[in-house]
Structure formats: C-alpha cells, structure tokens
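In the working numbering, the protein residues as written are 476 to 787.
Using N, Cα and C, we set each Cβ at its ideal position, and we do this for glycine too.
What follows is the structure, given as structure tokens:
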C-alpha cells in the first residue's frame, strides 16, 4: 500500500534539497519508522556531490535513522540484505532505498534495533562514529597503550570514534587544521591535538592511523607511522582517487593499509549500548527538516565540531 509524507528530496547533484510530499510503495512486510532524528553523515555529503556514480536522483538521503515503531524507540540498521542473495552487497538506506531525511521510512522488521531511551539526537550524533571506529579498531587490531592518529578529528565519525579508542586504552593523537578546534578537542576529550601532520618530528610517530579524510591527508598521515604501522582508510570525504605518492615508504617500513566497510550489525548494537551507558559524549547541532538546506550549508563549511542531526 502506498504512503505519502514529507521528505527532503535531492533531484540533482549539488542542488538544494526540495521539501515536498513524497510517495513510496514499500515491499510487503516492511514496517514504518517515524523518524525523530537522523544524522547528516560525511557520506551523505559525498552522495550529494555526485560521488557515487551508481546512484541516480531523485534520492532521499539519510542512513543514520532513529525514531519510533509502534510507539517504541528504535534504531534502523542501515544495511538491508537482498532477499535470496547472500552474496549480493546490501542495499543502503538513504542511497539505494529512501532514507531518513523524511518524516517516515520503511524497512524490514529485522532491521529494527530497540533503543533503551528516547534521547534520539545523542544516538543519531554518535552511533555511526562509534560503530565505524569499533570496526576500524578491530581491523587494525588496536591494543591498549598504542598510539593512534585520527585525521579529521572534529568530524562526527572521528570525534565520537576517538572516545571509543580512549575506552580501548589507546593514546590518541587528533589532527585538525583548526587551532580553535584543536583547543576544544584537548579540553573536551583530553587528547593530544595537532594542527600539522609533521607533528611526529618533535612528538614521535604513531602505531596506527585512522584516516577519515582520505585523499587530502593520506600521504602525510602515512609518514607519521612507525615501522610496521597500520593505516586504516575509513573515509574519503572528497570522493577523489587516493594516490600513494611514495610507495617505497610502504615497502621500507612494512606499512599495512586496510580499508573498512562501515560496521557490522553487532558493532552498531554495541555502539548504542556504549552511548546509552554514557561511555561516549555526543556532540551535535539539531535542525528541523524544513531547515535542511541550512544544515547542509553548515556541514559543507565544516566549521563546527561533531555531527549535524535532522529532526523531521
């Protein structure tokens, strides 16, 4: 049965969202979630710029969805399996399927995850970042006491992921270009914050790099690694090709580069539990759905610390 509700629709790359009545016809058995908060992820910005050629407008973005189903608080695990095809890549909410920049989303019932409370904004702000860093830390086999550099440290993924690394017992070096953001990171999180990636010349190298920026910083951050260091490519926010300028550095230092594909369902659930227990402090600014283009403008400027969330 068809349903209509308000949604922010993207009709062309780099165009403003249009707030309008949106019609969907959900597959049989899918259930509605009344969206209360949805994170505006860096991945959404890459999609908005046209960074994923396989996607075609019109699109309703937003994969970090938190809201109500039958009056109960839930999260939506955003990777939705293709029925009958275990080897097929999952569909992603907000990309292949209409997402959470809307009053409502429809998803398979099995993708619903109960929330312990109704503070939806804190989960929309932090869950993706914590779950992503959980997965990256697992890929890199981060151990207590290791020194970990996190680039793009003021963004939603990095800022909340840093706190998870601290829970693991890692010594975090947080990189941001802004001196003001570096000051806030030091005061709020107690990390060593740097504004230049040649910090290692005076402060020493690191065991692991969590690269959340991608092409603009990967070569500089790689030079900060110790021999047999590990670099994990978490994001590539510009969508540009990543080129290794000094491959000899990989050989001579025996550096390992790994990619990470977001997170697993178990990591998403574990992130929610960590946030619910107060293990991670959420940083966010909330906008209404009808303010989404103002939110987009602020996100593109990259001036704030933390995540922007949308409240439909």
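Item to complete: Compare the Cα-Cα distances from residue 482 to each of 766, 772, 607 and report the closest residue.
Response: Taking the first residue of the chain shown as 1, we reach residue 482 at position 7. For the set 766, 772, 607, the Cα lying nearest the Cα of residue 482 is the one of 766.
Worksheet item: Since residue 555 contacts residue 586 with CB under 8 angstroms, what's their CB separation in whole angstroms?
Response: Start at 1 with the first residue of the chain shown, and residue 555 comes out as number 80. Start at 1 with the first residue of the chain shown, and residue 586 comes out as number 111. About 6 angstroms separates the two Cβ atoms, so the contact holds.
Worksheet item: Using DSSP with H/G/I as helix, E/B as strand and the rest coil, what is residue 671?
Response: On the chain shown, residue 671 is found 196 positions in, with the first residue counted as 1. The answer is coil: DSSP assigns residue 671 none of H, G, I, E or B.
Discussion item. Whole angstroms are fine: how far does the CA of residue 745 sit from the CA of residue 500?
Written reply: Residue mapping note: residue 500 aligns to position 25 of the chain shown, counting from 1. Residue mapping note: residue 745 aligns to position 270 of the chain shown, counting from 1. Going by the C-alpha atoms only, they are around 32 angstroms apart.
Worksheet item: Do you know how far the Cα of residue 683 is from the Cα of residue 698?
Response: Working through the chain shown from its first residue, we reach residue 698 at position 223. Working through the chain shown from its first residue, we reach residue 683 at position 208. If you take the alpha carbons of residue 698 and residue 683, they lie about 11 angstroms apart.
Discussion item. Please report the straight-line C-alpha distance between residue 701 and residue 680, rounded to a whole angstrom.
Written reply: Taking the first residue of the chain shown as position 1, residue 701 is located at position 226. Taking the first residue of the chain shown as position 1, residue 680 is located at position 205. Answer to the nearest angstrom: the Cα atoms are 5 angstroms apart.
Worksheet item: By how many angstroms is the C-alpha of residue 658 removed from the C-alpha of residue 736?
Response: Counting from one through the chain shown, the residue named residue 736 turns up at place 261. Counting from one through the chain shown, the residue named residue 658 turns up at place 183. Taking the CA atoms as reference points, residue 736 sits about 31 angstroms from residue 658.
Fill in: CB of residue 605 within 7 angstroms of CB of residue 623, strictly
In the chain shown, residue 605 corresponds to position 130, counting from 1. In the chain shown, residue 623 corresponds to position 148, counting from 1. The criterion of a C-beta distance shorter than 7 angstroms is not satisfied by residue 605 and residue 623.
Discussion item. Looking at the strands, I want to know which residues DSSP matches up with residue 760.
Written reply: Counted from its first residue, the chain shown places residue 760 at position 285. 783.
Discussion item. Please identify the residue among 485, 497, 616 whose C-alpha is closest to the C-alpha of residue 533.
Written reply: In the chain shown, residue 533 corresponds to position 58, counting from 1. Looking at the Cα atoms, 485 is the closest of the given residues.
Item to complete: Could you tell me whether the stretch 739-754 touches the stretch 557-572, where touching means 3 or more Cβ pairs closer than 8 angstroms?
Response: Verdict: no, contact absent.
Worksheet item: When DSSP labels each residue in this structure, what does residue 737 get in the three-state scheme?
Response: Indexing the chain shown from 1 puts residue 737 at position 262. Residue 737: coil per DSSP, three-state reduction.
Worksheet item: Are there 16 or more other CB atoms within 10 angstroms of the CB of residue 591, so buried, or fewer, so exposed?
Response: Stepping through the chain shown from its first residue, residue 591 is reached at position 116. Residue 591 is exposed by the Cβ-count criterion.
Item to complete: Determine the direct distance from the alpha carbon of residue 616 to that of residue 627, and round the result to whole angstroms.
Response: Position 152 of the chain shown, counted from the first residue, corresponds to residue 627. Position 141 of the chain shown, counted from the first residue, corresponds to residue 616. So the two alpha carbons sit approximately 21 angstroms from each other.
Item to complete: Take residue 552 as the anchor and find which of 747, 729, 621 has the nearest alpha-carbon.
Response: The sequence position of residue 552 within the chain shown is 77, counting from 1. Of 747, 729, 621, the residue nearest in Cα terms is 747.
Worksheet entry | Whole-angstrom distance between residue 716 and residue 726, CA atom to CA atom | Numbered from its first residue, the chain shown carries residue 726 at position 251. Numbered from its first residue, the chain shown carries residue 716 at position 241. Cα-Cα distance, rounded: 21 angstroms.
Worksheet item: The beta strand (DSSP E) with residue 505 in it runs from where to where?
Response: Here residue 505 corresponds to residue number 30 of the chain shown, with the count starting at 1. Its beta strand (DSSP E) spans residues 505-515.
Worksheet item: Rounded to a whole number of angstroms, what is the C-alpha to C-alpha distance between residue 519 and residue 548?
Response: Here residue 519 corresponds to residue number 44 of the chain shown, with the count starting at 1. Here residue 548 corresponds to residue number 73 of the chain shown, with the count starting at 1. Residue 519 and residue 548 have their alpha carbons spaced roughly 24 angstroms apart.
Item to complete: Please confirm whether residue 491 and residue 786 have their CB atoms less than 7 angstroms apart.
Response: One-based indexing of the chain shown puts residue 491 at position 16. One-based indexing of the chain shown puts residue 786 at position 311. Taking 7 angstroms as the Cβ cut-off, residue 491 and residue 786 do not qualify as a contacting pair.
Worksheet item: Is residue 783 closer than 7 angstroms to residue 756 when the C-beta atoms are compared?
Response: Position 281 of the chain shown, counted from the start, is the residue given in the question as residue 756. Position 308 of the chain shown, counted from the start, is the residue given in the question as residue 783. Their beta carbons are not under 7 angstroms apart, which means residue 756 does not touch residue 783 by this criterion.
Worksheet item: When you compare only the Cα positions, how much space is there between residue 730 and residue 583?
Response: Sequence index remark: in the chain shown, residue 730 carries index 255 (1-based). Sequence index remark: in the chain shown, residue 583 carries index 108 (1-based). As the crow flies, the alpha-carbon of residue 730 is around 41 angstroms from that of residue 583.
Practice prompt. Name, in chain order, the residues that DSSP records as bridge partners for residue 566.
Written response: Taking the first residue of the chain shown as position 1, residue 566 is located at position 91. Beta-bridge pairing by DSSP links residue 566 to 555.
Discussion item. Need the endpoints of the beta strand (DSSP E) that residue 721 sits in, please.
Written reply: The residue given as residue 721 occupies position 246 in the chain shown. Bounds of any beta strand (DSSP E) do not take in residue 721, whose DSSP letter is neither H nor E.
Worksheet entry | Distance, residue 529 Cα to residue 535 Cα | Taking the chain shown and counting its residues from 1, the one referred to as residue 535 is at position 60. Taking the chain shown and counting its residues from 1, the one referred to as residue 529 is at position 54. Those two C-alpha atoms are separated by around 15 angstroms.
Worksheet item: Starting from residue 476 and walking both ways along the alpha helix (DSSP H), at which residues does that stretch end?
Response: For the purposes of this step, residue 476 is identified with residue 1 of the chain shown, where counting begins at 1. Counting along the chain, residue 476 sits inside no alpha helix (DSSP H), nor does DSSP assign it H or E at all.
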